[in-house]
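Only one structure is covered here, and it is reproduced in the block below.
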Amino acid sequence: MENKCRGTPGFAKLIVRSVILFFIAVPLFAMADAAKAAPKENNGIYLVRMLQDPVVAYKGGIAGLNATKPGIGQKIDPTAPMSSGM
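In this note's numbering, the protein residues as written are 1294 to 1379.
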């Protein structure tokens, strides 16, 4: 008895798709296993995202708080009352 499905284009597409899926899935599973096995180290670096602008970028807009962004060529004074109030 002859297998007729091997000569069809659909069978070839199935084989190609299976090979592609294999080469995509294997590295993904390997990365997931590596992430689970990797020890979590604390390198002392933290990212902080502020809700409002920091002192060096605040242009004003909140009632009772004056703008603290320095002008072009100027530096901010961290000891100034406006800076320490933020």
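We put the CB at the ideal spot given by N, CA and C, even for glycine. Every value quoted in this text rests on a predicted model; they were computed, and no experiment measured them.
Any chance the CB of residue i is under 7 Å from a heavy atom of the ligand SAM?
{"i": "Lys1306", "result": "No copy of the ligand SAM occurs in the structure displayed, which carries no ligand at all."}
Please state whether DSSP places residue i in a helix, a strand or coil.
{"i": "Met1375", "result": "helix"}
{"i": "Lys1306", "result": "helix"}
{"i": "Ile1355", "result": "coil"}
{"i": "Leu1321", "result": "helix"}
{"i": "Val1453", "result": "Past the boundaries of the shown model lies residue 1453; the chain is included only from 1294 to 1379, so the question cannot be answered."}
{"i": "Val1312", "result": "helix"}
Determine the contact status of residue i and residue j, defining contact as a CB-CB distance below 8 Å.
{"i": "Val1348", "j": "Ile1369", "result": "yes"}
{"i": "Lys1362", "j": "Ala1350", "result": "yes"}
{"i": "Gly1366", "j": "Asn1359", "result": "no"}
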